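Colleague: Going by this note's numbering, the letters in the sequence shown line up with residues 7 to 1195, in that order.
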Amino acid sequence: MTDSRVPSPSQADLLQRDGVLLIVDSVQPPPGLVPKGQTPVLKPKEQGLFIALCGSGEIYAFNGHVDLGTGVRTALGQIVAEELYLRMDQVQMVLGDTERAPNQGATIASATLQISAVPLRNAAAEARRWLLRQAAQRFDAPVEQLTLEEGVIRSPQGQALSYAELVAGDHVELPISGDAPLKPQAEYRLVGTSAARVDIPAKATGETTYVHDMRLPNMLHGRVVRPPYAGYDSGEFVGTSLLAVDETSIAHIPGIVKLVVIGDFIGIVAEREEQAIKAAQALQVSWKDWRRNLPQMTDVAQALRDNPHSTRVVHDTGDVDAALAAADRRFTRSYLWPYQLHASIGPSCALADYRPERLQVWSGSQNPHLLRADLAWLLEYPEAQIEIVRMEAAGCYGRNCADDVCADAALLSRAVGRPVRVQLTREQEHVWEPKGTAQLMEVDGGLDAAGHPVAYDFRTYYPSNGAPTLALLLTGRVEPLPVAYEMGDRTSVPPYEYPALRVSIEDMAPIVRASWMRGVSALPNTFAHESYIDELAHAAGVDPLEYRLRYIHDERASELMRSTAERAGWTPHTEPMQTPAEDGVLRGRGFAYARYIHSKFPGFGAAWAAWVADVAIDKASGEVAVTRIVVGHDAGMMVNPDGVRHQIHGNVLQSTSRVLKERVTFEESTVSAKEWGAYPILTFPEVPEVDVVMMPRPYDPPLGAGESASVPSAAAIANAVFDATGIRFRELPITSDKLREALNGPDAERQAAPPKKKKRGKWWFGGAAGLFGAVLGIAGSALPWRAEIAPVATPGAGTWSAATLERGRQLAAAGDCAVCHTASEGATNAGGLAMATPFGTLYSTNITPDVATGIGNWSFTAFDRAMRQGIARDGRHLYPAFPYTAFSKMTDGDMQALYAYLMSQPAVRQSNPANQMRFPFNLRPLMAGWNALFLRQGEYQPDPQQSAQWNRGAYLVNGLGHCAACHSPRNLLGAEKGGAAFLAGGMVDGWEAPALNQLANADKPWTEEQLFQYLRSGHSAEHGVAAGPMGPVVSELATLPQSDLRAMANYVMSLSAKATLNVEPQAQLAARALPAGQLAGERLFQGACQACHSAAAGGPQLFGVSPDLANNTNIFSDRPDNLIKVILQGIPKPATAELGFMPGFKDSFSDRQVTALVNYLRQRYAGDKPAWRDVEAQVARLRAEPGTH
7 MTDSRVPSPS
17 QADLLQRDGV
27 LLIVDSVQPP
37 PGLVPKGQTP
47 VLKPKEQGLF
57 IALCGSGEIY
67 AFNGHVDLGT
77 GVRTALGQIV
87 AEELYLRMDQ
97 VQMVLGDTER
107 APNQGATIAS
117 ATLQISAVPL
127 RNAAAEARRW
137 LLRQAAQRFD
147 APVEQLTLEE
157 GVIRSPQGQA
167 LSYAELVAGD
177 HVELPISGDA
187 PLKPQAEYRL
197 VGTSAARVDI
207 PAKATGETTY
217 VHDMRLPNML
227 HGRVVRPPYA
237 GYDSGEFVGT
247 SLLAVDETSI
257 AHIPGIVKLV
267 VIGDFIGIVA
277 EREEQAIKAA
287 QALQVSWKDW
297 RRNLPQMTDV
307 AQALRDNPHS
317 TRVVHDTGDV
327 DAALAAADRR
337 FTRSYLWPYQ
347 LHASIGPSCA
357 LADYRPERLQ
367 VWSGSQNPHL
377 LRADLAWLLE
387 YPEAQIEIVR
397 MEAAGCYGRN
407 CADDVCADAA
417 LLSRAVGRPV
427 RVQLTREQEH
437 VWEPKGTAQL
447 MEVDGGLDAA
457 GHPVAYDFRT
467 YYPSNGAPTL
477 ALLLTGRVEP
487 LPVAYEMGDR
497 TSVPPYEYPA
507 LRVSIEDMAP
517 IVRASWMRGV
527 SALPNTFAHE
537 SYIDELAHAA
547 GVDPLEYRLR
557 YIHDERASEL
567 MRSTAERAGW
577 TPHTEPMQTP
587 AEDGVLRGRG
597 FAYARYIHSK
607 FPGFGAAWAA
617 WVADVAIDKA
627 SGEVAVTRIV
637 VGHDAGMMVN
647 PDGVRHQIHG
657 NVLQSTSRVL
667 KERVTFEEST
677 VSAKEWGAYP
687 ILTFPEVPEV
697 DVVMMPRPYD
707 PPLGAGESAS
717 VPSAAAIANA
727 VFDATGIRFR
737 ELPITSDKLR
747 EALNGPDAER
757 QAAPPKKKKR
767 GKWWFGGAAG
777 LFGAVLGIAG
787 SALPWRAEIA
797 PVATPGAGTW
807 SAATLERGRQ
817 LAAAGDCAVC
827 HTASEGATNA
837 GGLAMATPFG
847 TLYSTNITPD
857 VATGIGNWSF
867 TAFDRAMRQG
877 IARDGRHLYP
887 AFPYTAFSKM
897 TDGDMQALYA
907 YLMSQPAVRQ
917 SNPANQMRFP
927 FNLRPLMAGW
937 NALFLRQGEY
947 QPDPQQSAQW
957 NRGAYLVNGL
967 GHCAACHSPR
977 NLLGAEKGGA
987 AFLAGGMVDG
997 WEAPALNQLA
1007 NADKPWTEEQ
1017 LFQYLRSGHS
1027 AEHGVAAGPM
1037 GPVVSELATL
1047 PQSDLRAMAN
1057 YVMSLSAKAT
1067 LNVEPQAQLA
1077 ARALPAGQLA
1087 GERLFQGACQ
1097 ACHSAAAGGP
1107 QLFGVSPDLA
1117 NNTNIFSDRP
1127 DNLIKVILQG
1137 IPKPATAELG
1147 FMPGFKDSFS
1157 DRQVTALVNY
1167 LRQRYAGDKP
1177 AWRDVEAQVA
1187 RLRAEPGTH
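(1) To the nearest angstrom, how far is it from the Cα of residue 498 to the Cα of residue 359?
(2) Could you tell me how far apart the beta carbons of residue 645 and residue 197 are, in whole angstroms, since I believe they sit closer than 8 Å?
(3) Whole beta strand (DSSP E) runs in the stretch 305-330 with 3 or more residues, listed along the chain?
(4) Report the partner residues of residue 160 according to the DSSP bridge assignment.
(5) In whole angstroms, give me the CA-to-CA distance for residue 151 and residue 193.
(6) Counting Cβ pairs closer than 8 Å, one from the stretch 604-623 and one from the stretch 115-131, do we hit at least three?
(7) Which parts of the stretch 941-976 are runs of the alpha helix (DSSP H), unbroken and 4 residues or longer, counting only runs that do not cross its ends?
(8) My guess is that residue 890 and residue 874 are in contact by the Cβ rule of under 8 Å, so how many angstroms apart are they, rounded?
(9) For the alpha helix (DSSP H) containing residue 138, name the first residue and the last one.
(10) Along the chain, where does the alpha helix (DSSP H) containing residue 102 start, and where does it finish?
(11) Taking only the alpha-carbon atoms, compute the straight-line gap between residue 532 and residue 500 and give it to the nearest angstrom.
(12) Figure out for me which residue from 667, 598, 641 has the closest Cα to the Cα of residue 635.
(13) Determine whether the beta carbon atoms of residue 401 and residue 75 lie at a separation below 8 Å.
(14) Residue 533 by DSSP, collapsed to three states: which one?
(15) Whether or not the stretch 408-427 and the stretch 546-553 are in contact is what I'm after, with contact meaning three or more pairs of Cβ atoms, one per stretch, closer than 8 Å; do they touch?
(16) Nearest-angstrom Cα distance between residue 58 and residue 439?
(17) Which residue from 1084, 1118, 1087, 191 puts its Cα closest to that of residue 1099?
(18) So residue 1021 and residue 1002 are in contact, right, with Cβ under 8 Å, and what is the actual spacing, rounded?
(19) Taking only three categories from DSSP, how would you classify residue 448?
(20) Which class does residue 274 belong to by DSSP, given the choice of helix, strand or coil?
(21) Does the distance from the CB of residue 270 to the CB of residue 480 come in under 8 Å?
(22) Considering only residues of the stretch 591-657, which uninterrupted beta strand (DSSP E) runs meet the minimum length of 3 residues and lie entirely inside it, listed in chain order?
(23) Based on Cα-Cα distance, which residue from 958, 1155, 950, 987 lies nearest to residue 1062?
(24) Which first and last residues belong to the beta strand (DSSP E) in which residue 28 is found?
(25) Whose C-alpha, out of 164, 31, 156, is nearest the C-alpha of residue 170?
(26) Take residue 1137 and list the residues in its own chain whose beta-carbon comes closer than 6 Å to its own, dropping the five residues that flank it on each side.
(27) Does the pairing of the stretch 670-686 with the stretch 620-627 give three or more beta-carbon distances under 8 Å?
(28) In terms of DSSP beta bridges, what is residue 982 paired with?
(29) From the DSSP output, read off the bridge partner residues of residue 250.
(30) Considering only C-alpha positions, which residue in the set 86, 478, 475, 450 is nearest to residue 465?
(31) Quick check on DSSP: helix, strand or coil for residue 810?
(32) Which whole-angstrom value is the C-beta distance of residue 800 and residue 863, which I expect to be below 8 Å?
(33) Could you tell me the distance, in whole angstroms, from the CA atom of residue 71 to the CA atom of residue 1029?
(34) Within 10 angstroms of its Cβ, does residue 770 collect 16 or more other Cβ (buried), or is it exposed?
(35) Rounded C-beta distance between residue 28 and residue 178? I'm assuming under 8 Å.
(36) Could you check the C-alpha separation between residue 794 and residue 1108 for me, to the nearest Å?
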């Protein structure tokens, strides 16, 4: 097939063109969803173009569906090329574009090849008939004697005419008559033969342009700010909750073009994407209190029962009630399917270009024509003037936020009159996408004395999944009313013969915003059907496969079931746990079968599928692995067998993930699963072996294969778990924590440590009263004012030698000058970094050689006085946040080299904010008394009893490195404590600076080599990664000579006695039993942390180092602050590039989720340490006070 990226002519263009053969048909636009009890309102029929052959040689084929990665572009091309005797590369398939393709509705229900391809095939046959007749007239030969090959028709005499020659100069429009003869299957050379996917090469090489990659001239960037009622699309608060938007809160951000507010819709348009992102984060918005009368989502099953519903009986044969009353054994069961995400890997994105005469939207929608209608309604704009250009996008097999973001882009483009690109955040995609809805299935049935089923009373509760386009609701164009549709009846009738059978559908409006998802209600319904018959088989003492075969009277289904079981090597059994456990691993095998019945009852049947699932379960941990899946599949004639096989594989992976892992969680009735940590999906190491059995039926009509293979999945895996453990799971997902508790009982509660006496918060000043009294008492004995030192001309750049400047650079790095004197995104050493203290806020000064705002007119004498005495050039006292008490130990030579380096750097003119210190701390002269008490002047004096390396280390650590400024506790006057408290640990900007005087005796003891590696790279495999304030410190230290870093490590390690390193292996720690209440944390760890923190246990090493959390010192600390801050803030700027960054989760995890994760990590890796107390309160505090690191 030709490159689909080359723009094809529109239907209007082709209808106006000469030299074309057009095959058209009258198309009835599908009505879309029809609320329960209403009659669909049909639009007028439209002309649809299906085939276009051009005199210039192009051959176009059009289909209204889109390719979601299922390969339908390839398969449809095979059908057209087959009927027209063409090569695949001679056909250009055009899918979904509203200006070109016919309106055949949404790409759902696995219906593309089964239903929407039929008119396309007939259109190709119609074109072939016309071409043959035209050629027969020109050749003056019977049609039957002509041959076709690769777009050329030949006569018996050797005459030849191409399709292009036959249509040249004419304009022919033919309707699809339906009676054009189709090509005999015996002559097929393409259909039924595996063909390589036409889209894969470009995707594999990065050539495909996804909608996320799309750019337009003069394009702007947009971001939206969503309301707080995430996940709801009905209720009086929807579209009416906005109180105020503070536009001044983003006035400081450059590039803002417009703030757009319509009802509850808020959008920001900027020149650059990063500006729009920053503005969306900074915008201050206030909302009404909307949390009233929300459903209680902690119990989804009860929420479904409580949701108003009406009963619709779709099947009722036999006397069910009488049969149940007479049953020898009665089995009443309920099965629960959770809310799930479509979980698109890429957040939704769209572009819109609004003009008065035309609106173009580039979209990844699965329903372009209905989206066009929604945009027309939203914008009050003529539908015929809107074009949806369908592009490749992040897939979802259902509906994610692709349509929503198109409406966002259209509104913003209209507001600014320029093209606008909008992309959602990961959090917005997760919380706002219409979910795959939850479903509750209740079954009542029983057996007679011989083990035969006597009745099956099935009731399914399915919240509707209409999900109007979000902007329609937020702007008030559509009322946010709860609407019920009839959607729960997919595969609602079981495939087995029950003497008495009743199937009832409880139709209801949505609870949480929901839309169709792969398998729709058929997958949950089959979970119940196939789990229940497995239970009956066990109760009857009959092999599960044999029991099914007794009561299914569809020979095609029976043949499929037998073939699948044979391929899997099915062994008949009547009891679970027949496979002996090895090394604590339980193994089991489960069977399930289904035919996917789509649409409103009675619906239509797609392909048949059967599964045999093998599982392995670690009894101690509950970890479950699906090791092998054998899938039998009957899709009739397969247009592209490899394409069908690929679809089956994809179904297996997605549905296995849904069964074992996926569940939307809620907090206070709103969605709390905001990213992959709270919503884990199957990982590559967990992918099972897949063996596919495809039934050969070349002469049967093709059936939809996009979803069918997933339908038996849940029951097959649940039945396998039962076979392995004897435990029946009727609620998904089947996670390791549920299995562990079911196998081993609830874990013992952990003894909490007694509460510790709360310490007083300290900074570098200590108590306010103590400081004020002290400084007043000594003010008389210290000189509060010092003389100004005269300014000098800035020394020239050539004043110092290169060696002196390099020495100065190393000293500046050792002293971390740039760490404190550089604001976020600011110029190096230009100051402006805010440092919040209990006594006010300080702003670091400009130390570049700018004369007006920096130190450009400072003499060396002035610089030396400031560094050693804390006195600025003008005589003002500096606050001891500037660690001059440490710098006073520098040698004169080092001080001159540092001065030379700073004066040789680029001058930056930048005035910084004034300090905002409260009274009396704003009185700088009072610092004179503090100096009199605590400033000890004089250069460092080497200890002759120690080595040169030790002395070098002591000089760097205690002098220029000023390590004690962070790592020593402070007294009430804010001075560093000495003696046994020297380097005994402190707090900086909310981070714990751990004790350096006992590293060899810490819970995770350090060695000198480990500390050297940590200072050199920011990472020690035995301890963790530098984060918070230590990250930028290591970034500077890493540029020093290694001899200096080894000296620092040697000195620091000398402060504590040696100890033997004792690291408990992660695998051993993982086996520890978890206490009750830790299961949520375990789930978050598996989803958010495990991928990057599992290398020590055999997992992948991704994006830099893979720190082993079993050795992380923060987890062993007496306080959780550092662990909490790393989880909230991540490590956006690693100390060295090789480490790789860590994302922060402050926008993704709630306080409760962070607390669960922190407690889980403490228990799992430091289980012998006391539990941290009041963690959630500390999480809330550190979130509210993030600090500057």
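Quick reminder that beta carbons are idealized off the backbone N, C-alpha and C, glycines included. Computed from a prediction, not measured in an experiment: that's the story for all the values here.
Modeller: The short version:
(1) Roughly 44 Å separates the two Cα atoms.
(2) So it is a contact: roughly 5 Å between Cβ atoms.
(3) As far as the stretch 305-330 is concerned, its whole beta strand (DSSP E) runs of at least 3 residues are 315-323.
(4) Note: residue 160 sits in a beta bridge opposite 153, 166.
(5) Residue 151 and residue 193 have their C-alpha atoms roughly 16 Å apart.
(6) Yes, the stretch 604-623 touches the stretch 115-131.
(7) Counting only runs of 4 or more, we get 954-961, 970-973.
(8) Yes, residue 890 and residue 874 are in contact; Cβ-Cβ is about 6 Å, under 8 Å.
(9) It spans 123-145 - the alpha helix (DSSP H) in which residue 138 sits, taken as one unbroken run.
(10) First-last for residue 102: undefined, no H or E at that position.
(11) So the alpha carbons of these two residues sit roughly 8 Å apart.
(12) Distance check between residue 635 and each of 667, 598, 641 places 598 closest, using alpha-carbon atoms only.
(13) Cβ distance < 8 Å, so residue 401 and residue 75 count as in contact.
(14) Residue state, collapsed to three classes: helix.
(15) The answer is no - the stretch 408-427 does not touch the stretch 546-553, with fewer than three Cβ pairs under 8 Å.
(16) It is roughly 38 Å from the alpha-carbon of residue 58 to the alpha-carbon of residue 439.
(17) Here the closest residue by C-alpha is 1118.
(18) Distance from residue 1021 to residue 1002 at the Cβ level is roughly 12 Å; contact not present, criterion being Cβ atoms closer than 8 Å.
(19) In the three-state DSSP reduction, residue 448 falls in the strand class (E or B).
(20) Note: residue 274 maps to strand in three-state DSSP.
(21) Yes, these two residues count as a Cβ contact at 8 Å.
(22) Runs found: 591-604, 610-624, 630-640.
(23) It is 987.
(24) Unbroken beta strand (DSSP E) run through residue 28: 26-33.
(25) The residue with the shortest Cα to Cα distance from residue 170 is 156.
(26) Excluding residues within five positions, the ones whose Cβ falls inside 6 Å are 1033, 1147, 1148.
(27) Flag = no, the stretch 670-686 and the stretch 620-627 do not touch.
(28) DSSP lists 976 as partners of residue 982.
(29) In the DSSP output, where bridge partners are listed per residue, residue 250 has 292.
(30) Closest by alpha carbon: 450.
(31) Reduced to three states, the DSSP call for residue 810 is helix.
(32) Going by Cβ atoms, the distance from residue 800 to residue 863 rounds to 7 Å, so yes, they are a contact pair.
(33) For residue 71 and residue 1029, the distance between alpha carbons rounds to 54 Å.
(34) Residue confidence is low: residue 770 scores 36 on pLDDT, short of 50, so the model does not pin down where it sits. No coordinate-derived value is stated.
(35) Sure, about 7 Å apart at Cβ, within 8 Å.
(36) Cα to Cα, the separation comes out at about 56 Å.
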